[in-house]
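Student: Going by the numbering used here, the sequence shown opens with residue 72, and the numbers climb by one from there. Would you mind keeping the following structure in view while I ask a few things?
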Amino acid sequence: MKDNRLDFYKDFSITLFHWYSHNQRDLPWRHTQDPYKVWLSEIILQQTRVDQGMPYYYNFIESYPTVSSLANAHLDDVYKLWEGLGYYSRARNLHKAAKIVVEQFNGVFPNSYNGLITLPGIGDYTASAISSFCFNEVRPVLDGNVFRVISRLFGIKEPINKPASRKIFKDILNELIDKHSPASFNQAIMEFGAVHCKPKQPKCDECIFQEKCFAFSMNKQSDYPVKVKPKKSITRFFNYLIVGEGDDIWIKKRSNSGIWSNLHEFPLIEGQDIFNTELIDETVKIIKVSKATKHILSHQNIYAKFYRVKDVDASFLEGCIKVKKSSLPDYAMHRLMTRFLEEEQSFM
Ligand code: SF4
């Protein structure tokens, strides 16, 4: 492969700015350097496309024109405005971050990448976007559009969904970024990816970078960016036995490999492909059974039931420890366990 990096480094931003001046869309958040408004737009656009995100942006600005008004809002009202975008933790973090800005920063947004990234819900991308757009900090943004453009131009085969690849892309962008106009550079390269070097049918025939583009020269545009295939999810069935008399209860520490390593839980019988109540009935006497609950991990769907039981054979409790119910909060447990303990007190 011809290493065309040096060619690019020379005049990349000049060429890009020329394209941007003729092709940029007129978007409301491009007319402001108010970090509050830029932040809202960036968080909304992480959830949806520009045309669908626009009404949400206007609704938020109208309902909460300042960060203080958002901080003072009731979280349920913020959820209501967010309705339809999904992933409600983003709305929760918006509210939480607004409160922090008001309470810890006197209502003024931090004016640097390092300050912004301390706020909940603001990661590298959002901190780079706000700090460059509003404070002209030289911080290249790396979103899906930028990954695609850079991987095609330079023929980068490292999968973009592997965290280690970020450095390769960031290193290139740090060379390419216009040190005098980082805001325009970031907006221009994201726009170039969004409307020109699109995932499908990129406009290569009329592309300013055609002569230098690796993917175009190899006719391999659709091979970039490279992604590793996500592992297929597996489904597991967990039967948890609640064993104990009076204030005593048995728990067990998971092994140090696999999911939830070293965390505590009730003694477990894992079913093969279904909840194996018959098998449990042979082992112990069941007094009460919970409803099935689903717990999703990145590559596993876990269905769990909890059984209050008695007449448990001592051999079954091998490796378990007997503790006081009142001391359960002292043991580190996974979320499936803590959720059960919070919601199903009647089993205890
Ligand atoms: Fe993207 Fe095609 Fe331009 Fe290469 S030539 S940067 S693939 S639009």
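By construction, the Cβ of each residue, glycine as well, lies at the ideal position given by its N, Cα and C atoms.
Name, in chain order, the residues that DSSP records as bridge partners for Thr306.
Tutor: Asn372
Student: Identify the continuous beta strand (DSSP E) that holds Asp319 and give its terminal residues.
Tutor: 319-324
Student: For Met72, which residues in the same chain have their Cβ closer than 6 angstroms to its Cβ, ignoring the five residues on either side in sequence?
Tutor: Residue confidence for Met72 is low, a pLDDT of 46 falling below 50, so the modelled location carries little weight and cannot support an answer.
Student: Taking Leu334 as part of the alpha helix (DSSP H), name the residues at either end of that continuous run.
Tutor: Counting along the chain, Leu334 falls outside any alpha helix (DSSP H), and DSSP gives it neither H nor E.
Student: Any contact between the segment 80-87 and the segment 253-273? By contact I mean 3 or more CB pairs, one from each, below 8 angstroms.
Tutor: The segment 80-87 vs the segment 253-273: in contact.
Student: Check whether the segment 285-297 and the segment 214-226 are in contact - that is, three or more C-beta pairs closer than 8 angstroms.
Tutor: yes
Student: Is the separation between the beta-carbon of Val109 and that of Ile201 shorter than 8 angstroms?
Tutor: yes
Student: Where DSSP assigns a beta bridge to Lys365, which residues make up the other side?
Tutor: Tyr374
Student: With hydrogens ignored, establish whether the beta-carbon of Lys274 is closer than 7 angstroms to any heavy atom of ligand 1.
Tutor: Yes, Cβ of Lys274 sits closer than 7 angstroms to a heavy atom of ligand 1.
Student: Leaving out five residues before and five after Lys233 in sequence, what residues of the same chain have Cβ atoms less than 7 angstroms from its Cβ?
Tutor: Excluding positions up to five away in sequence, the list reads Val299.
Student: DSSP three-state label for Lys396, please.
Tutor: Residue state, collapsed to three classes: helix.
Student: Along the alpha helix (DSSP H) that carries Val172, what are the first and last residues, could you check?
Tutor: Start and end: 160-175.
Student: Given that a residue counts as buried once 16 or more other Cβ atoms are within 10 Å of its Cβ, and exposed if not, what is Ser339?
Tutor: One point to set straight first is that residue 339 is Leu, not Ser, in the sequence displayed. Burial call: exposed.
Student: Using DSSP with H/G/I as helix, E/B as strand and the rest coil, what is Arg379?
Tutor: strand
Student: According to DSSP, simplified to helix, strand and coil, what is Met72?
Tutor: Because the pLDDT at Met72 is just 46, under 50, the model does not fix this residue reliably, and the value given afterwards should be weighed accordingly. In this structure, Met72 counts as coil in the three-state DSSP scheme.
Student: Less than 7 angstroms between C-beta atoms, sequence neighbours within five positions excluded: which residues of the same chain meet that for Gly215?
Tutor: none
Student: Tell me, please, which residues DSSP counts as bridged to Tyr311.
Tutor: Leu339, Phe377
Student: Looking only at DSSP bridge pairs, what is Lys359 linked to?
Tutor: Arg379
Student: Going residue by residue through the segment 209-252, where are the continuous beta strand (DSSP E) segments of at least 3 residues, counting only ones entirely within it?
Tutor: none
Student: Could you tell me whether the segment 300-312 touches the segment 276-288, using the rule of 3 or more Cβ pairs below 8 angstroms?
Tutor: Output reads no: the segment 276-288 does not touch the segment 300-312.
Student: Near Ala358, what residues of its chain come up, given a Cβ to Cβ distance below 7 angstroms and the 5 sequence neighbours on each side ignored?
Tutor: According to the sequence provided, residue 358 is Ile. The question's Ala does not apply to it. Once the five neighbours on either side are set aside, the close Cβ partners of Ile358 are Arg379, Val380, Lys381.
Student: Between which two residues does the alpha helix (DSSP H) holding Asn130 run?
Tutor: 121-134
Student: Between Ile188 and the rest of its own chain, which residues show a CB-CB distance below 6 angstroms, the 5 nearest in sequence each way excluded?
Tutor: Excluding positions up to five away in sequence, the list reads Ala198.
Student: Can the beta-carbon of Lys323 be found closer than 8 angstroms to that of Cys275?
Tutor: no
Student: One question on the structure: do Ile115 and Leu156 come within less than 8 angstroms of each other, judged by their Cβ atoms?
Tutor: yes
Student: Whole angstroms is fine: what's the gap from Met404's alpha carbon to Glu336's?
Tutor: As the crow flies, the alpha-carbon of Met404 is around 6 angstroms from that of Glu336.
Student: If you compare alpha carbons, which of Lys393, Tyr311, Lys250, Phe263 is closest to Gly317?
Tutor: Lys393
Student: Using CA coordinates, which residue listed in Pro211, Ala169, Arg101, Arg163 is at the minimum distance from Asp242?
Tutor: Out of Pro211, Ala169, Arg101, Arg163, Pro211 has the C-alpha closest to the C-alpha of Asp242.
Student: Could you please give the first and the last residue of the uninterrupted alpha helix (DSSP H) stretch that includes Arg410?
Tutor: Annotation for Arg410: the continuous alpha helix (DSSP H) segment containing it runs 406-414.
Student: How many Å lie between Asn94 and Ile248 at the Cα?
Tutor: 19 angstroms
Student: Is it a yes or a no for the segment 137-152 touching the segment 162-176, going by three-plus beta-carbon pairs under 8 angstroms?
Tutor: yes
Student: At which residues does the alpha helix (DSSP H) containing Glu316 begin and terminate?
Tutor: Unbroken run through Glu316: none, as it is neither H nor E.
Student: Can we count His251 as close to ligand 1, meaning its CB is less than 7 angstroms from some heavy atom?
Tutor: no
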